[in-house]
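A.B. asks:
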Amino acid sequence: MSDQTDVLQGTLDLLIMRTIALEPMHGWAIAQRIQQISNDLLRVQQGSLYPALHRLEHQGWIMADWGASENNRRARFYSLTKAGRKQLAAEVSKWDRLSAGVNLVLKRT
Amino acid sequence: MRLWHMLRSRLRSLFSRDRRESDLQEELHFHLEREADRLAARGMSRDAARLQARRMFGGVDAIKDECRDARGTAFVDDAIRDIVYALRGFRRAPLVAFMVVSTVALGLGLVAAAFTLLNVFLFRVDRVPNVHEMFAVERARNADGDREHFTRVQFDALRRETSVFTDSFAQVRDIDSNVDGHRVSGAFVTGNAFQVLGVPAAMGRALTPADDGPLAERAVMVLSDRGWDRLFARDPAVLSRSLLINRTAFEIVGVMPGGFRGLTPVTPDDYWAPLSLLGQVSPSADGTESVGLDIIGRLKPGVSPQAALTALAAWDAGQPNVSSPPRAASPITLVPKRGTAEQPLEAVAVTAPLFFAFGLILLIGCANVANLLLARGVARQREIGIRLSLGASRRRVVRQLLTENLLLALAAAAAGFAISRVVLSTIVNGLTASLPPDIGDIRLLVPDADWRVLLFLVTGAVASTIAFALVPALQATRIEPLRTIRGEVVRDARPGRARNVLIGLQVCASALLLISAAVFLRSALTATEDDPGMRISDTVIVRITSEPARAAIVESLAAESSVAAVAASWPNIAGELRPAVAKSYDRTAAVACRFVSPEYFKVLDIGLVRGRTFAADERSPTLPVAVVSEATAHALWPNGDAVGQVVRFDRDQTPDTTKANGPQLESRTLTVVGVVRDVPGFRLAPFPTAVVYEPTSSQMAGTSLVARVHGDPELARQAISNRLTAIDPNLGEVESLRWVSKMQTYFLQLGFWFTVVLGGLALALTVSGLFGVLSYLVEQRRREIGIRIALGATRPHVMRLVVSQSIGPVSAGLLIGGGSAAGLAAVLLATPGAAPIGEVVHVLDPLAYAMSALVIIAASMAAALIPAARAARLDPTQTLRQD
């Protein structure tokens with residue numbers, strides 16, 4: 376548990392959009408999924424998740440609909456919009472470039 | 007798509023706030039439950055799992071706030087919440103909100119009333135298309151302050167020979183005539199005036215050049231909206247009627263729209279008529295060739311006023327100099343003509359005392375508000391402390407306070423508007439109702455408020471509430487939440503010094519107003535005791551405006567049963583006397599000439615000192631006899647008897663004397679036959695005392711008649727008026743001399759009422775403020791006073807303790823107020839233009855100062871005594887047992 380890292384600022388949006396690109400999800404599940412997929416390496420601050428979701432919705436990248444959760448309760452499911460998919464692709468390539476660059480720098484020195 | 011989505015989300019979040027809030031609530035709730043489920047599945051107890059989920063999540067309300075912020079609707083949300091919160095606060099303490107709104111509204115309403123007047127003079131342009139193109143061509147004032155006008159010939163030349171104007175017209179304004187006992191004023195304009203102005207008639211048609219031409223068949227006029235209202239009571243069939251002015255029937259061909267004032271600032275003339283008909287209405291303007299004209303032109307688009315002025319000056323330099331004796335004409339100026347005051351500074355000067363007095367009331371009211379809020383500061387500190395410790399940011403709290411004050415300000419502005427309308431109509435109605443009827447039918451109008459007045463009100467309200475309500479509240483946010491919740495007052499919440507300064511300020515302002523009131527009252531009282539030196543109680547003046555009817559008027563007056571005796575005078579009693587230089591064999595004196603009939607001295611009861619007055623047959627201005635006043639006799643023959651002496655008369659060389667009509671003053675030699683008492687006249691309108699009387703008769707053109715009447719002078723005045731109306735409905739101005747003297751007391755009384763109402767208001771506000779502060783202090787010091795009483799302080803001692811709180815600020819305020827009143831008076835007396843006021847109003851009347859000081863001290867003591875008595879009645883055991 377101790378080697379968990381808080382999600383880097385600015386990457387939360389990217390992670391959220393990547394996570395819901397496959398299927399619509401509610402907020403709790405998004406947080407869980409990020410943690411799972413990263414093999415518990417990344418921990419989403421739950422407090423910052425919801426403001427991020429609302430901001431993304433407000434920007435029009437994602438949209439929300441009420442649906443039934445896995446335990447049959449009413450939950451708010453987020454999914455990517457068309458604009459969101461474009462944005463995701465752009466963000467992913469931006470991130471690739473950034474991390475490749477950072478990696479190169481780190482390996483040289 | 008994205009845009010649409012955003013728009014929808016934004017709109018939805020704006021309009022379905024409740025649903026959005028419940029959605030957010032449900033979403034976060036679901037998250038917490040789901041997290042608790044997960045933890046419970048790992049073997050935690052249900053309650054522990056819930057608690058753990060919450061802990062991991064963080065502050066729910068803060069996250070909710072962040073979510074709202076993320077949506078970008080927080081601003082509107084917060085505003086709505088702030089407004090609701092503020093309204094709830096007002097409901098909880100309605101008296102405070104009412105106090106703030108009503109005091110600010112009262113002061114602001116008064117100031118707004120003054121601004122409405124100023125607005126009329128300064129900012130309200132006339133409803134003329136492209137009014138900024140209108141300019142008057144004028145000559146600069148000469149050294150005597152007179153302005154030379156243009157002649158018809160010059161106007162025609164200007165129109166023909168210059169090309170800076172699209173077109174220009176000439177006019178003569180303010181031609182007064184009498185119609186059915188009403189004074190009616192008219193403007194005489196060249197026929198193209200309305201084409202130049204570009205204003206069509208609201209009804210009928212405007213004047214055309216044909217109406218003004220030599221071939222015009224009938225006399226026509228257009229009425230202003232005011233004239234239509236005043237003279238025809240808005241008769242819709244007015245176009246078929248006509249107006250008889252000095253025996254000329256003018257056919258009414260049109261009525262101008264209500265907003266149009268003919269480029270004058272306040273109210274237009276009653277009618278406009280062609281310039282060519284001026285001679286028929288105004289007997290003094292014999293022939294339109296000589297009358298002085300104002301020239302107004304519409305500047306060509308693209309021509310700058312400077313370029314136009316240069317062109318006009320060049321044109322003027324080429325004009326033949328026609329003045330006799332020839333002297334250099336003053337240079338030409340171009341003055342914007344927009345229907346606003348031509349001397350804006352004068353308008354400001356006229357309204358400045360209003361602003362000053364009303365502003366004082368606003369200041370006193372705001373001081374009350376500030377005092378109230380300072381006193382409430384403790385309660386407010388606790389409330390704000392709780393909000394801060396619950397996690398509200400200082401910015402949010404300040405925004406909330408701003409919203410609260412803005413609401414108060416808007417309410418105050420709305421109430422202030424209503425008050426300003428009431429104040430203005432009260433002033434106007436009061437003036438109209440109390441004006442002596444002889445001054446005539448000046449019908450004042452309540453000036454309209456426009457957007458500038460509203461802007462002024464809102465700005466004023468916001469400024470005053472922010473200055474006096476927000477600052478104390480802002481200070482309250484600079485606190486330590488924890489201690490204030492516990493009720494500890496952290497910062498000095500009893501700013502005794504600020505409060506004392508405010509009270510001192512209020513007393514100072516009240517003193518200033520009350521001293522003015524007392525000064526006016528004393529002056530009005532002494533003015534009624536003034537002896538004008540002549541009999542005024544039953545004297546009636548008849549002015550003859552039409553010479554052809556003179557014989558009939560004199561005859562009719564003599565036949566009137568209520569008339570005891572008739573005398574003639576030139577100029578009329580209150581008219582300006584003609585200056586002259588009188589010489590005895592060794593001395594010279596500046597004197598004034600008055601031509602009177604032999605009955606004059608008897609009718610007006612001017613006592614004879616020596617010699618005789620004119621004999622019954624001495625009625626001709628050519629007779630070489632004169633009666634002099636004591637002052638003249640003293641100046642010319644200080645050591646000897648004036649009777650029988652010879653006086654040489656020289657015409658005063660000022661050019662004005664040649665213009666006026668009436669008997670001409672030629673240089674000649676007269677023999678003094680008698681000396682009469684001086685006639686000092688009225689305080690507002692003093693007469694020159696050094697007078698030389700010369701004989702004349704009521705048959706002489708230009709003389710006015712003075713009649714001594716039996717019985718009620720007002721009834722006699724009406725009887726005479728009726729008789730003269732029978733001769734010619736347009737003739738005869740009849741006024742009783744008693745009213746002339748009443749006029750001066752009227753103005754002083756007006757000043758008195760104005761300042762006494764304001765001073766009373768100021769004092770009431772001050773007293774209520776003082777009362778509130780002392781009551782609050784007593785409340786705050788209950789414990790201390792209780793202990794004092796328990797330790798043996800007597801009741802007088804406790805009362806003295808409370809009352810002494812007010813002595814310092816009240817006496818300081820009195821001193822400063824009295825000092826500034828005296829200072830203002832000194833400035834007034836030192837100002838050359840205002841110095842004559844000092845002779846009418848005794849601005850440094852010590853009794854007035856003492857009286858107002860007494861009133862203020864008595865009122866302050868009364869305000870202090872009630873809280874003091876309450877403090878003295880405190881039961882020590884009870885107060886000590888509390889808290």
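Heads up: the sequence lines are chains Y and C, in that order. End of the first sequence = 484 in my numbering, gap-free, step of one. End of the second sequence = 889 in my numbering, gap-free, step of one. Using N, Cα and C, we set each Cβ at its ideal position, and we do this for glycine too.
#1: Which partner residues of Lys589/C appear in the DSSP bridge assignment?
#2: Thinking C-beta only, is Asn414/Y closer than 9 Å to Arg40/C?
#3: Count the other CB atoms within 10 Å of the CB of Glu352/C; is the residue buried (16 or more) or exposed (fewer)?
#4: What residue does the alpha helix (DSSP H) around His155/C start on, and which one ends it?
#5: Could you list which residues in chain Y have their beta carbon closer than 9 Å to that of Asp43/C, in chain order?
#6: Considering only C-alpha positions, which residue in the set Val609/C, Val82/C and Ile872/C is nearest to Val804/C?
#7: Taking only runs that begin and end inside the region 169-233 of chain C, name each unbroken beta strand (DSSP E) of 3 or more residues, in chain order.
#8: Taking DSSP as the reference, what is the three-state secondary structure of Arg133/C?
#9: Under 9 Å between C-beta atoms, does Gly402/Y make it to chain C?
#10: Following the continuous beta strand (DSSP E) through Leu305/C, name the residue where it begins and the one where it ends.
#11: Tell me whether the beta-carbon of Ile509/C lies closer than 9 Å to the beta-carbon of Val861/C.
#12: Which parts of the region 391-458 of chain Y are runs of the alpha helix (DSSP H), unbroken and 4 residues or longer, counting only runs that do not cross its ends?
#13: Could you check which residue in Leu369/C, Leu797/C and Trp759/C has the C-alpha nearest to that of Gly436/C?
#14: Does chain Y have any CB closer than 9 Å to the CB of His37/C?
#15: Counting contacts by CB-CB distance shorter than 9 Å, is Glu466/Y in contact with chain C?
#16: Figure out for me which residue from Leu390/Y, Gly422/Y, Ser423/Y and His429/Y has the closest Cα to the Cα of Leu411/Y.
#17: Evaluate contact between the region 552-565 of chain C and the region 708-728 of chain C, counting only Cβ atoms and requiring at least three cross-stretch pairs below 8 Å.
#18: Taking only runs that begin and end inside the region 244-285 of chain C, name each unbroken beta strand (DSSP E) of 3 or more residues, in chain order.
#19: DSSP three-state call for Ala291/C: helix, strand or coil?
#20: Consider the C-beta atom of Leu431/Y and the heavy atoms of the ligand ADP; say whether any pair is separated by less than 8 Å.
#21: So Asp84/C packs on Arg405/C, CB below 8 Å; how close in whole Å?
#22: If you draw a straight line from the C-alpha of Asn377/C to the C-alpha of Gly365/C, how long is it?
#23: What number of angstroms, rounded off, separates the C-alpha of Arg56/C from the C-alpha of Ser774/C?
#24: Under 7 Å between beta-carbons, which chain Y residues line up against Lys62/C? List them in chain order, please.
#25: When the Cα of Ile367/C is compared with those of Val762/C, Val609/C, Ala208/C and Gly824/C, which residue comes out closest?
#26: Can you name the residues of chain C whose CB is closer than 9 Å to the CB of Arg460/Y?
#27: Looking at C-beta atoms only, is the number of pairs between the region 223-234 of chain C and the region 246-258 of chain C that lie closer than 8 Å three or more?
#28: What's the gap between the Cα of Tyr591/C and the Cα of Val847/C?
#29: With a threshold of 16 other CB atoms inside 10 Å of the CB of Trp745/C, please say whether the residue is buried or exposed.
#30: Closest by CA to Ala421/C, which one among Gly113/C, Ala176/C and Gly49/C?
#31: With a cut-off of 9 Å, does the C-beta of Ile86/C fall near any C-beta of chain Y?
#32: Quick check on DSSP: helix, strand or coil for Phe620/C?
#33: At 7 Å on the CB atoms, spell out the chain Y contacts of Cys73/C, in chain order.
#34: If you draw a straight line from the alpha carbon of Val117/C to that of Leu360/C, how long is it in whole angstroms?
#35: Using 9 Å as the limit for Cβ to Cβ distance, is Asp29/C near chain Y?
#36: Do Phe171/C and Ala196/C have their beta-carbon atoms positioned less than 9 Å apart in this structure?
C.D. replies: The structure says:
#1: For the purposes of this step, residue 589/C is taken as residue 583 along the second sequence, with counting starting at 1. Answer is Thr594/C and Arg654/C, bridged to Lys589/C.
#2: Mapped onto the second sequence, residue 40/C falls at position 34. Mapped onto the first sequence, residue 414/Y falls at position 39. No, they are not a contact pair.
#3: To locate residue 352/C, count along the second sequence from 1; it is residue 346. The residue in question, Glu352/C, is exposed, as its Cβ has fewer than 16 Cβ neighbours within 10 Å.
#4: Against the second sequence, residue 155/C aligns to sequence position 149. According to the DSSP assignment, His155/C belongs to no alpha helix (DSSP H), since it is labelled neither H nor E.
#5: The residue you call residue 43/C lines up with position 37 of the second sequence. Listed along chain Y, the residues sitting closer than 9 Å to Asp43/C by beta-carbon distance are Asn446.
#6: For the purposes of this step, residue 804/C is taken as residue 798 along the second sequence, with counting starting at 1. Closest by alpha carbon: Ile872/C.
#7: Listed in chain order, they are 171-185, 188-195 and 226-229.
#8: Here residue 133/C refers to the residue found at position 127 of the second sequence. Coil.
#9: Start at 1 with the first residue of the first sequence, and residue 402/Y comes out as number 27. Gly402/Y counts as touching chain C.
#10: Residue numbering aside, residue 305/C sits at position 299 when the second sequence is read from its first letter. Counting along the chain, the beta strand (DSSP E) containing Leu305/C begins and ends at Asp300 to Leu305.
#11: Counted from its first residue, the second sequence places residue 509/C at position 503. Counted from its first residue, the second sequence places residue 861/C at position 855. No, they are not a contact pair.
#12: Taken in chain order, the complete alpha helix (DSSP H) segments of 4 or more residues contained in the region 391-458 of chain Y are 402-412 and 421-434.
#13: In the second sequence, residue 436/C corresponds to position 430, counting from 1. Selected option, being the one with the closest Cα: Trp759/C.
#14: In the second sequence, residue 37/C corresponds to position 31, counting from 1. Interface residue, yes.
#15: Residue mapping note: residue 466/Y aligns to position 91 of the first sequence, counting from 1. Among the CB atoms of chain C, none fall inside 9 Å of the CB of Glu466/Y.
#16: Position 36 of the first sequence, counted from the first residue, corresponds to residue 411/Y. Residue 411/Y is actually Gln in this sequence, not Leu. It is Leu390/Y.
#17: The region 552-565 of chain C, when compared against the region 708-728 of chain C, does touch it at the 8 Å Cβ threshold.
#18: Runs found: 248-251, 254-261 and 277-280.
#19: Here the question's residue 291/C lines up with position 285 in the second sequence. At Ala291/C the pLDDT is 48, less than 50, meaning the model places this residue with poor confidence; the figure from the coordinates comes in the next sentence. Assigned with DSSP and collapsed to three states, Ala291/C falls in coil, not helix or strand.
#20: Judged by which ligands are present, the structure shown has none, so any question about the ligand ADP falls away.
#21: Looking up residue 84/C in the second sequence gives position 78. Looking up residue 405/C in the second sequence gives position 399. Confirmed, about 7 Å.
#22: Locating residue 377/C in the second sequence gives position 371, counting from the first residue. Locating residue 365/C in the second sequence gives position 359, counting from the first residue. About 18 Å.
#23: In the second sequence, residue 56/C corresponds to position 50, counting from 1. In the second sequence, residue 774/C corresponds to position 768, counting from 1. When rounded, the distance between both Cα atoms is 58 Å.
#24: Here residue 62/C refers to the residue found at position 56 when the second sequence is read from its first residue. The sequence given here places Met at residue 62/C; Lys does not occur at that position. Here the neighbours are Gln421.
#25: In the second sequence, residue 367/C corresponds to position 361, counting from 1. Answer by Cα proximity: Val762/C.
#26: Along the first sequence, read from residue 1 onward, the residue named residue 460/Y stands at position 85. Close partners of Arg460/Y in chain C (Cβ separation under 9 Å) are lacking, with about 11 Å as the shortest Cβ gap.
#27: Inter-segment contact for the region 223-234 of chain C and the region 246-258 of chain C is present: three or more beta-carbon pairs are separated by less than 8 Å.
#28: The residue you call residue 591/C lines up with position 585 of the second sequence. The residue you call residue 847/C lines up with position 841 of the second sequence. Spanning the two alpha carbons is a distance of roughly 40 Å.
#29: The sequence position of residue 745/C within the second sequence is 739, counting from 1. Its Cβ being crowded by 16 or more others within 10 Å, Trp745/C is buried.
#30: For the purposes of this step, residue 421/C is taken as the residue at position 415 of the second sequence. For the residues Gly113/C, Ala176/C and Gly49/C, the minimum Cα distance to Ala421/C belongs to Gly113/C.
#31: Numbered from 1 along the second sequence, position 80 holds the residue referred to as residue 86/C. Output row for Ile86/C: interface = no.
#32: For the purposes of this step, residue 620/C is taken as residue 614 along the second sequence, with counting starting at 1. Phe620/C: coil per DSSP, three-state reduction.
#33: Residue mapping note: residue 73/C aligns to position 67 of the second sequence, counting from 1. Among the residues of chain Y, those whose CB is under 7 Å from the CB of Cys73/C are Tyr425, Pro426 and His429, following chain order.
#34: The residue labelled residue 117/C in the question sits at position 111 within the second sequence. The residue labelled residue 360/C in the question sits at position 354 within the second sequence. Answer to the nearest angstrom: the Cα atoms are 8 Å apart.
#35: By 1-based counting over the second sequence, the position of residue 29/C is 23. At least one chain Y Cβ lies under 9 Å of Asp29/C.
#36: To locate residue 196/C, count along the second sequence from 1; it is residue 190. To locate residue 171/C, count along the second sequence from 1; it is residue 165. The sequence shown places Thr at residue 196/C, not Ala. For the 9 Å CB-CB criterion, Thr196/C and Phe171/C do not form a contact.
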